[in-house]
Structure formats: structure tokens, C-alpha cells
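One structure is given below, encoded as C-alpha cells.
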Amino acid sequence: AFSMSAWVYPQANPSAHSGIMGFRNNTDADFYLLQLQNSNNVEARFRGSNGMGYDIVATNLLDFNQWQHLAFTYDGSYIRLYKDGALVDSSAATGIILQNTLPLQLGKLDWGTTGFYMTGRLDEIRLWDVALSQTEINSWMCTPIDLTHPNYNNLMGYWRLNDGQGTIAVDQTANGNNGTLMGSTQWQISTTCFGNVTPQLTYVPDDNFENYLEANGMGDGIALNDYVFTSAIDTVTNLDVSNQNILDMTGIEDFTVLQDLNCGNNQLINLDVSQNTYLVNLELTQNSITSLDLSTNTSIESVKCRDNNITNINISNNSQLVYLDCDNNQITNLSTIDNPNLEELYCSNNQIIYLDLSANTVLTELNAAINLLISLNIQNGNNQNMPDFYSTWNSNLSCIQVDDVSWSTTNWTFANGNIDTQHYFSTNCSAVAFDCTDSLEVTDVIIDNTNLTMNIAIYNGYNYFLNYPYVAYTIDANGDTIQAGNMNLFGANNLVTTWYNYSLSNVISPAYPLTMYFVYSDGSLVTDTCILTYNSTPSAIIDINVSSNRKLISIVDVLGRESNGTRNEPLFYIYDDGTVEKQIIVE
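If you want it as C-alpha cells, here you go:
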């Protein structure tokens, strides 16, 4: 492992390649920084003794006529190039340097018999036998090194270039690798960092968040100053800050290549991950977050946000989403139409009213228990690959739209804890939820001059609007006379017989068979018309109630005697409608 660093002041586009520092043109190895010809591009190259070479070419990297800090590291697996403490690029690399017969060159690199000289200035040149981290580069690039430095013993050479005179550049380490200055030399002594570069910082106001970053090599080396080096976090791909008692995740926006974030079991109220566009896995369980917008996180595959106070979650741009656990929140609306790859959905204990999963054709697990559902559509073609399905504790839900009624009825049962007793399955909950002739039965009709009485079997929890040809009525299945229970295709065990009495006036004798129209509604989800036909003759004689301009003269029986009339007694009625010219007496 190696690291080299220097402050560099390039002055112009070189007519030829311009060597910054390193060793080159050796059969054993290369390790150098080179400004390329006629450009401000930099080549950083490593070649091990196995002959394999690895390069980073950074275009438009150098700023002319000003100081900037360059660092080049190799850790045995990667080479990395940094400018002013920020990672420019990295590349996988392997190999070791067994020997080197050429000296380290500063401001020059040889190729063959040609020397390529730098036009510009150098300061604070360091060569290490370890690969410095980004935090270390940021922390030390403006700080002189002495014997008290924690990595002093890793220095192979350190040339401050503060000698001020002569042709020797003194090595500040105990290795005695002094350099010899070639050609004319202009000395300039400074007691401060030439670049006056203030590394880019990220604001982290939460002390617990900052402490975690500092303790894990992602800080600026200064405890509780509310800042960390941006360059120390903008290459991090995995961050686990769970159980850290964090209230504020400000600063997470500069983790720009973050793929995995776990901030669960903290005290967060808000979380903004809009700048973390590379996120694949997000966990924020057991916080107090009220809203979650993932519209910019188009690569996300897994979201665990259970046990929060979320009322709104936006997953409209997450087509790669496979797993969503949002149990125990306050979500009222959940749309998964734009999540075709969703396999597992856990949304229990929320306030969801409508849930349409018909677009989620690879869904294998669903827990939608303890909600306010009145509509649940899981007709997605994959029901038989969904062993785990739960819709219990949804008292407002009745019809569940599925692929196959028979399969769902057999496999998703009340006994197994899948559904509530009133839940039933249909392939079309948007139409009449069941066959009216199977679910309602008019067993008897009695009409007299004051009442219409119907004997009707009706299931608990449903309202029906009866539109008799002459008068409209509303009937509902309420009270103790209606039996509750699993709908189970409206089997006999779920229906009871009860009487409904309606006071009428001006009842006119209908023709038989009697047709009645029921407008069916199950809690605003479905509304449709059922038509029932009653074919039997009425069980009582239908009294004819004449209009108000008629006058009942008398009622006589077949023997000619006046009678008050009793039920099922043959009678003859005589009416005066105002046009009678003579009176007929039957004796």
C-alpha cells in the first residue's frame, strides 16, 4: 500500500507531458502523477511488479495559477485520486512493488532518455507506506507533520520545501531521503497552507448523528462542531445509524451514492432522502415520521417504515420496489399501481379505505388487517402463489375481488385467520356482489288495505331499496332477527326469515307474478338492481281500496246479508261512483 500527496500550482498547458511526482520508466513498477500534454488533465498510474498497469485519467482536473491539493493512494485493491480532499475517481487494481531502482522524482518524470518537467510549483510533498483514508487526507493536508503525528512512522519521505536556500530538499523523516534540486530554483517560504483551501463541509446539527460519523471515520476530526467533511461521506454506500437516539438526519443529503440506509429506532420526525437517488434499501422503523416521499428514489427495492406516524407515503416512481412494510402507521391512501415488481406488502393497522392490488402480478404476501377497508381488489392473476393473505379486522369490508372464488374460499378462511366472518370472495365486486335470487328470497306477500307485509330472507349488514311498482321502500338487515356469520356464498346458515311491515295507502291490486325491484348497496362500494319475482297468489284476499271519489255503499255475503267482512270470506262489494242510475239488490 502507498500514498503520495502534494500541493500543486500548475501555471499553463504544457507543450509536453508534465511530471508532478512519482517514479516511472522502470521495469519493476510505476507510481506517479502526470499532467498530460496540452491539457489540464491528470493521469494517476500504478503498475506492479507483475507488469499489470492501472490508470485513472481525470479530465479538466487542474486549475491553473492557483494552489490545489492532489493525493493518490493504492490499498492493494483500488487506486484512488483525490483533489482538495474530494474523491475524483477510483479503479480496481492488484499487484505489489517488489523493488525500484529509480529515485522518486518531484516536478519531473522520465520516459526513456527524455525528462518531462513540470511548469509550476510544489509544496508539502509526502510519501507514505499506507493508503490514507479520505478523512485522513482532509484532516492532514493543511497540517505540518512532526514526531507527534499518529502516522509519522508510516512516512517514507516528507519534503516541506521550506529550506529557503541551496539545492537540497531535506526529508523531514528519519529515513534521510533528501532530494537534490536540479536547475534554477526559486524558494518561497510560507507558514500557512499554500492553498488556503477550506474543505467542503456538511452540516450535521444532531450531536448523536455527528458523534456516530466521527467515531466511524466519516467526520472532520473535531467533535461536536456540527460539521463533517463532505468528502468523507459522499462515497459511502452503506450507513447504519439505528439505535443512536438521533432526532435530526440533516446531512444525509450529502451521502450522494448511498445505497443502504438504516436509521431505525431513533426519534426522527422527518426524513428527507430526495438527494439519495442511489438508495436500494431503506429502513426507518420505530420513529415518529409523519410523511415519506420516495419519488426521487427510483432504484429503491426495499422499504421498511413500520411503527411510525406516517399518514402519506409516495411510492409512485418506485417501479423496482419489491418489499414494503408500512404496518402500524396512519396511512389513509396507498397506491401500488406503479409497483409492478412488488412481492411483499405489509400495511396492517392503518386507516386505508381502498386497496387495489390488481396491478401487482407477482405479489406473494399481503397483510392488510386492521384497516378501514371497504374495497379490496387482489385479482392480479397470482392469488394461488399467495399463501400469506390477511384481511381480518376490517368490519366495513364485505366483498374481496379475487382470481378464483372457489380457490380463495377454500384456502383463505375465517378459521385460518385470513378473513372476517362477513368477508366473501367474488371475481367482480364492481357489479352486484352476489346473485340476488340466491341472496334474497321473498317467501310470502300479504297485501291488504293498510299494510304490505313481505316475508324476506336477507343477509346481515346489507341495505336494500325496494321499488314496488307503486310505492318505494327501504329495508335493511338490522336488529336481532338477522343472523351474522361468514357469507360463504350465501349458504342457508347465513340467512334467516324475518317480517317487514310497511303501512300503505291506495294499494292497488297487482298482477301476478309480482315483480319487485331491489336496489342493492353494500356500504357505497357497489350499487345495482336486483329483480325478484313472486309467483304465488297472495295468502290473503286483496282488498280493493277505491279512490277517494268512490263511496262504499254496502257489503253483502252470498246469502244477501250485510256483512262487515272477514278474511277469506266470499264477498260482493257494491260501490257508488256517482254515475249509478239504479240500485241493484242481491237477495
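Position 371, counted from 1, in the sequence shown is what my numbering calls 1612; the numbers after and before it change by one each time, with no gaps. Glycine included, C-beta positions come from ideal geometry on N, C-alpha and C.
Checklist line | Local Cβ density within 10 Å of Ile-1409, reported as buried at 16 or more and exposed below that | finding: As a first step, residue 1409 is located in the sequence shown; it is residue number 168 there, counting from the start. Ile-1409 should be labelled exposed.
Check: Which class does Tyr-1700 belong to by DSSP, given the choice of helix, strand or coil?
Finding: Stepping through the sequence shown from its first residue, residue 1700 is reached at position 459. Its pLDDT being 43, under 50, Tyr-1700 is placed unreliably in this model, and the coordinates cannot settle the point.
Notebook entry, point to check: Is the beta carbon of Ala-1242 sitting closer than 7 angstroms to the one on Gly-1317?
Noted result: Residue mapping note: residue 1242 aligns to position 1 of the sequence shown, counting from 1. Residue mapping note: residue 1317 aligns to position 76 of the sequence shown, counting from 1. Cβ distance < 7 angstroms, so Ala-1242 and Gly-1317 count as in contact.
Checklist line | Span of the beta strand (DSSP E), counted from its first residue to its last, around Leu-1575 | finding: Residue 1575 sits at position 334 when you count from the first residue of the sequence shown. Run containing Leu-1575: none; DSSP gives neither H nor E here.
Margin query: Does Leu-1454 come out as helix, strand or coil in the three-state DSSP assignment?
Written below: For the purposes of this step, residue 1454 is taken as the residue at position 213 of the sequence shown. Helix at Leu-1454.
Item checked: Inter-residue spacing [alpha-carbon to alpha-carbon] between Tyr-1519 and Glu-1494 -> On the sequence shown, residue 1519 is found 278 positions in, with the first residue counted as 1. On the sequence shown, residue 1494 is found 253 positions in, with the first residue counted as 1. The straight-line gap from Cα to Cα measures roughly 12 angstroms.
Margin query: How far does the beta strand (DSSP E) with Ser-1380 in it extend, from its first residue to its last?
Written below: The residue given as residue 1380 occupies position 139 in the sequence shown. No beta strand (DSSP E) contains Ser-1380, which is instead part of the alpha helix (DSSP H) from 1375-1381.
Checklist line | Simplified DSSP assignment, three categories, for Thr-1678 | finding: Here residue 1678 is taken as the residue at index 437 of the sequence shown, counted from 1. In this predicted model, Thr-1678 has a pLDDT of only 44, less than 50, meaning its place in the structure is not dependable enough to derive any value.
Checklist line | Beta-carbon gap between Ser-1380 and Gly-1462 smaller than 7 angstroms | finding: As a position in the sequence shown, residue 1380 is number 139, starting the count at 1. As a position in the sequence shown, residue 1462 is number 221, starting the count at 1. In contact: Ser-1380 and Gly-1462 (Cβ atoms closer than 7 angstroms).
Checklist line | Span of the alpha helix (DSSP H), counted from its first residue to its last, around Asn-1652 | finding: The sequence position of residue 1652 within the sequence shown is 411, counting from 1. Start and end: 1646-1652.
Margin query: Taking a contact to mean a Cβ-Cβ separation below 7 angstroms, would you say Leu-1617 touches Ile-1593 in this structure?
Written below: Walking along the sequence shown from the start, residue 1617 turns up at place 376. Walking along the sequence shown from the start, residue 1593 turns up at place 352. Cβ atoms of Leu-1617 and Ile-1593: not closer than 7 angstroms.
Checklist line | 3 or more residues per run - each beta strand (DSSP E) lying fully within the stretch 1588-1612 | finding: DSSP runs (the beta strand (DSSP E)) wholly in the stretch 1588-1612: 1595-1597, 1606-1608.
Margin query: Considering only the alpha carbon of each residue, which of Leu-1328, Arg-1265, Trp-1428, Glu-1606 lies closest to Val-1477?
Written below: Reading the sequence shown from its first residue, position 236 is the one you call residue 1477. The candidate whose alpha carbon is nearest that of Val-1477 is Leu-1328.
Margin query: Once DSSP output is grouped into helix, strand and coil, what is the label at Ala-1327?
Written below: For the purposes of this step, residue 1327 is taken as the residue at position 86 of the sequence shown. Strand.
Next item on the list: Give the C-beta separation of Asn-1608 and Tyr-1587 to the nearest angstrom, bearing in mind that I take them to be a contact with Cβ-Cβ under 8 angstroms.
Entry: For the purposes of this step, residue 1608 is taken as the residue at position 367 of the sequence shown. For the purposes of this step, residue 1587 is taken as the residue at position 346 of the sequence shown. Indeed, because the Cβ distance is near 5 angstroms, the residues count as touching under 8 angstroms.
Next item on the list: Tell me whether Thr-1633 is buried or exposed, calling it buried when 16 or more other Cβ atoms sit within 10 Å of its Cβ.
Entry: As a working mapping, residue 1633 is identified with position 392 in the sequence shown. The residue in question, Thr-1633, is buried, as its Cβ has 16 or more Cβ neighbours within 10 Å.
Note to self: So, at 6 angstroms on beta carbons, what are the nonlocal neighbours of Phe-1313 in its own chain, with the 5 sequence-adjacent residues on each side left out?
What the structure shows: In the sequence shown, the residue the question calls residue 1313 occupies position 72. Once the five neighbours on either side are set aside, the close Cβ partners of Phe-1313 are Met-1245, Leu-1274, Ala-1285, Leu-1322.
Next item on the list: May I have the straight-line CA-CA distance separating His-1867 from Val-1544, to the nearest angstrom?
Entry: No statement about residue 1867 is possible, as the shown extent of the chain runs from 1242 to 1828 and does not include it.
Check: Measuring CA to CA, which of Gln-1346, Leu-1347, Ile-1337, Met-1359 is closest to Gln-1276?
Finding: For the purposes of this step, residue 1276 is identified with residue 35 of the sequence shown, where counting begins at 1. Nearest of Gln-1346, Leu-1347, Ile-1337, Met-1359 to Gln-1276, Cα basis: Met-1359.
Notebook entry, point to check: Taking the Cβ atom as the reference point for each residue, do Asp-1579 and Ser-1557 lie within a distance shorter than 7 angstroms?
Noted result: As a working mapping, residue 1579 is identified with position 338 in the sequence shown. As a working mapping, residue 1557 is identified with position 316 in the sequence shown. Closer than 7 angstroms, so yes.
Checklist line | Same chain, Cβ closer than 6 angstroms to Leu-1565, neighbours up to 5 away in sequence not counted | finding: Counted from its first residue, the sequence shown places residue 1565 at position 324. Only Val-1544, Leu-1586 meet the Cβ criterion.
Next item on the list: Starting from Ala-1285, follow the beta strand (DSSP E) in both directions and report where the run begins and ends.
Entry: Taking the sequence shown and counting its residues from 1, the one referred to as residue 1285 is at position 44. First-last of the beta strand (DSSP E) with Ala-1285: 1283-1288.
Item checked: Between the CA atoms of Tyr-1595 and Ser-1636 - distance to the nearest angstrom -> Start at 1 with the first residue of the sequence shown, and residue 1636 comes out as number 395. Start at 1 with the first residue of the sequence shown, and residue 1595 comes out as number 354. Rounded to the nearest angstrom, the two C-alpha atoms are 13 angstroms apart.
Note to self: Whether or not the stretch 1619-1632 and the stretch 1647-1660 are in contact is what I'm after, with contact meaning three or more pairs of Cβ atoms, one per stretch, closer than 8 angstroms; do they touch?
What the structure shows: yes
Notebook entry, point to check: So, do the stretch 1497-1510 and the stretch 1519-1531 have three or more beta carbon pairs nearer to each other than 8 angstroms?
Noted result: yes
Margin query: Short of 6 angstroms in beta carbon distance, which residues of its chain neighbour Ser-1331, apart from the five on each side in sequence? Order them along the chain.
Written below: By 1-based counting over the sequence shown, the position of residue 1331 is 90. Excluding positions up to five away in sequence, the list reads Tyr-1319, Arg-1321.
Next item on the list: For Arg-1367, collect the residues of the same chain with a Cβ closer than 6 angstroms to its Cβ; drop the 5 residues on either side in sequence, then sort them by chain order.
Entry: Position 126 of the sequence shown, counted from the first residue, corresponds to residue 1367. Closer than 6 angstroms at the Cβ level, and outside the excluded window around Arg-1367, lie Ser-1246, Tyr-1399.
Note to self: What does the alpha-carbon distance come out to for the pair Pro-1255 and Thr-1497?
What the structure shows: Position 14 of the sequence shown, counting from 1, holds the residue named residue 1255. Position 256 of the sequence shown, counting from 1, holds the residue named residue 1497. Each residue's alpha carbon lies about 35 angstroms from the other.
Checklist line | Where the beta strand (DSSP E) through Pro-1251 begins and ends | finding: Here residue 1251 refers to the residue found at position 10 when the sequence shown is read from its first residue. Its beta strand (DSSP E) spans residues 1243-1251.
Notebook entry, point to check: Can Val-1603 be considered in contact with the ligand ATP, in the sense that its beta carbon sits closer than 6 angstroms to one or more heavy atoms?
Noted result: Ligands displayed in this structure: none; no statement on the ligand ATP is therefore possible.
Item checked: Simplified DSSP assignment, three categories, for Ala-1334 -> Taking the sequence shown and counting its residues from 1, the one referred to as residue 1334 is at position 93. Of the three classes helix, strand and coil, the one that applies to Ala-1334 here is coil, per DSSP.
Next item on the list: Measuring alpha carbon to alpha carbon, tell me which of Gly-1294, Ala-1610, Val-1283, Gln-1625 ends up nearest Val-1603.
Entry: Residue numbering aside, residue 1603 sits at position 362 when the sequence shown is read from its first letter. Selected option, being the one with the closest Cα: Gln-1625.
Check: What do you get for Ser-1639, buried or exposed, if any count of 16 or more other CB atoms within 10 angstroms of its CB means buried?
Finding: By one-based count along the sequence shown, residue 1639 stands at place 398. So Ser-1639 counts as buried.
Check: Quick one: Cα of Phe-1357 to Cα of Gly-1417, how far?
Finding: Translated into the one-based positions of the sequence shown, residue 1357 becomes position 116. Translated into the one-based positions of the sequence shown, residue 1417 becomes position 176. Roughly 26 angstroms separates the two Cα atoms.
Notebook entry, point to check: Between Asp-1489 and Leu-1465, is the Cβ-Cβ spacing less than 7 angstroms?
Noted result: By one-based count along the sequence shown, residue 1489 stands at place 248. By one-based count along the sequence shown, residue 1465 stands at place 224. Not in contact: Asp-1489 and Leu-1465 (Cβ atoms no closer than 7 angstroms).
Margin query: Could you tell me the alpha carbon to alpha carbon distance between Thr-1552 and Gln-1516, rounded to whole angstroms?
Written below: By 1-based counting over the sequence shown, the position of residue 1552 is 311. By 1-based counting over the sequence shown, the position of residue 1516 is 275. Roughly 22 angstroms separates the two Cα atoms.
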